[in-house]
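Trainee: A single structure is presented below for examination.
2 protein chains.
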Amino acid sequence: MRLTTKGRYAVTAMLDLALHSDNGPVSLADISLRQGISLSYLEQLFAKLRKQTLVSSVRGPGGGYRLSRANDQIFVAQIVDAVNESVDATGCKGKNDCQSGTTCLTHHLWCDLSDQIHDFLSQISLAQLVSRKDVRLVAQRQENEQLVHAGEIDQSSKINAELLN
Amino acid sequence: MRLTTKGRYAVTAMLDLALHSDNGPVSLADISLRQGISLSYLEQLFAKLRKQTLVSSVRGPGGGYRLSRANDQIFVAQIVDAVNESVDATGCKGKNDCQSGTTCLTHHLWCDLSDQIHDFLSQISLAQLVSRKDVRLVAQRQENEQLVHAGEIDQSSKINAELLN
DNA sequence: TATTTAACCAAGTACTTTACTAGGTTATTT
DNA sequence: AAATAACCTAGTAAAGTACTTGGTTAAATA
């Protein structure tokens, strides 16, 4: 199966998007800062998410990304599928040619497992994640951290603004 | 999560072992031929399986490997765990330090998924796999192929034996 | 007792993927 | 016109996978 940091990053970024979609589009720079994912890597991931029409983009200043559907219509499995080729525990992508053209001994086992994982992740929407206590807690912490960082800049700029008067 | 060809190979090899354990220990050379896995790679995998006491070895001619427990006491999850470090969908191995020392937004989601996968694979024993129709079918095919290959040698050696009389 | 067998062991390597960097161009707002 | 942020391409260090090579050791067989 293909479920690595790549898929985790994609889901984390999409959840960040879902959490901050109140005030217009969210820039990848913001997500990068909050979630600690490199901006350029996010760009590559969002290119794939856009191709699968999970997000839509707005260019220019104040631009960024928006979910292309409602919270409860985007599921974790779709996000993971978008950035990896597939959520698939078999080595042959279900083609039954695992062992030099023929079915390998454990082919069906991995098919069953793939279904299991896919079913599980297909049932979890971004809306569900947004409403989870543990998610809200982490999101809160991240917003506080962001305020502290932004606060330092804001304070100095406020001071500068006062000095100018 | 860490569920790649490595784990698949290990489970396939262990299932082969379970299927052919009637007539004494099974050599890795046999498993290599039947399952199309390189002998040296199998040696590396079985070194780990032996460390986890899933198999025991018999050296010398006629030697090979045996399951160290009954069929129904060895589970797929144990095999996968033995060759990889862990069956773990989180990036931090459950240590909650996914995002530079702190918990990432989706940490709990991946914990849930890990549990899900582990539960699923913990319930499937080698005995269960051995009794599956699809497994028996593939095993039958592989044994036929082996007989064809061995048959060529056996036939010529039988002819040779007859000529000697 | 010599030979064969097969486990056991160590080092290295081609290949792939991941996560990221660098260095752009294009569209849109201010 | 300048700034912003999406969009795009190429390259790369690090890690893991699957495998090869070339041994050594223990046990059965001839």
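Protein chains in written order, with numbering that gives the first Met the number 0: chain A, 0 to 164; chain B, 0 to 164.
Glycine residues also receive a C-beta, built at the ideal position from the N, C-alpha and C atoms.
Take the Cβ of residue 118 of chain A as the centre, count every other Cβ of all protein chains shown within 10 Å, and call the residue buried at 16 or more, exposed below.
Mentor: So residue 118 of chain A counts as exposed.
Trainee: From residue 135 of chain B to residue 128 of chain A, what does the alpha carbon distance come to, in whole angstroms?
Mentor: The straight-line gap from Cα to Cα measures roughly 42 Å.
Trainee: Report buried or exposed for residue 33 of chain B, applying the criterion of at least 16 other Cβ atoms within 10 angstroms of its Cβ.
Mentor: Result: buried.
Trainee: Should residue 53 of chain A and residue 81 of chain A be called a contact, given that it needs their Cβ atoms to be closer than 8 Å?
Mentor: Yes.
Trainee: Roughly how many whole angstroms lie between the Cα atoms of residue 47 of chain A and residue 18 of chain B?
Mentor: Rounded to whole angstroms, residue 47 of chain A to residue 18 of chain B spans 44 Å at the Cα level.
Trainee: Just checking my contact of residue 75 of chain B with residue 25 of chain B at CB under 8 Å: how many whole Å lie between their CB atoms?
Mentor: At roughly 19 Å, the Cβ-Cβ gap does not stay under 8 Å, so residue 75 of chain B and residue 25 of chain B are not in contact.
Trainee: Between the C-alpha atoms of residue 68 of chain B and residue 120 of chain B, what's the straight-line distance to the nearest angstrom?
Mentor: For residue 68 of chain B and residue 120 of chain B, the distance between alpha carbons rounds to 18 Å.
Trainee: Can you check whether the CB of residue 104 of chain A is closer than 8 Å to the CB of residue 79 of chain B?
Mentor: Cβ distance not < 8 Å, so residue 79 of chain B and residue 104 of chain A don't count as in contact.
Trainee: Give me the residue from A/51, A/123, A/112 with the minimum Cα distance to residue 165 of chain B.
Mentor: Residue 165 of chain B lies beyond the range of chain B shown here (0 to 164); nothing can be said about it.
Trainee: For a contact meaning CB atoms closer than 8 Å, what does residue 107 of chain B contact in chain A?
Mentor: Within 8 Å Cβ-Cβ: 131, 133, 134.
Trainee: Apply the 10 Å Cβ neighbour rule to residue 66 of chain A and answer buried if 16 or more other Cβ atoms are within range, or exposed otherwise.
Mentor: Classification of residue 66 of chain A: buried, given that the 10 Å Cβ count is 16 or more.
Trainee: For residue 18 of chain B, name the three-state secondary structure that DSSP assigns.
Mentor: DSSP places residue 18 of chain B in helix when its eight states are reduced to three.
Trainee: For the alpha helix (DSSP H) containing residue 82 of chain B, list its first residue and its last residue.
Mentor: It spans 75-82 - the alpha helix (DSSP H) in which residue 82 of chain B sits, taken as one unbroken run.
Trainee: Out of A/83, A/56, A/36, which has the shortest C-alpha to C-alpha gap to residue 3 of chain A?
Mentor: Of A/83, A/56, A/36, the residue nearest in Cα terms is A/83.
Trainee: I'd like to know whether the C-beta of residue 116 of chain A is nearer than 8 Å to at least one C-beta of chain B.
Mentor: So yes, residue 116 of chain A belongs to the interface.
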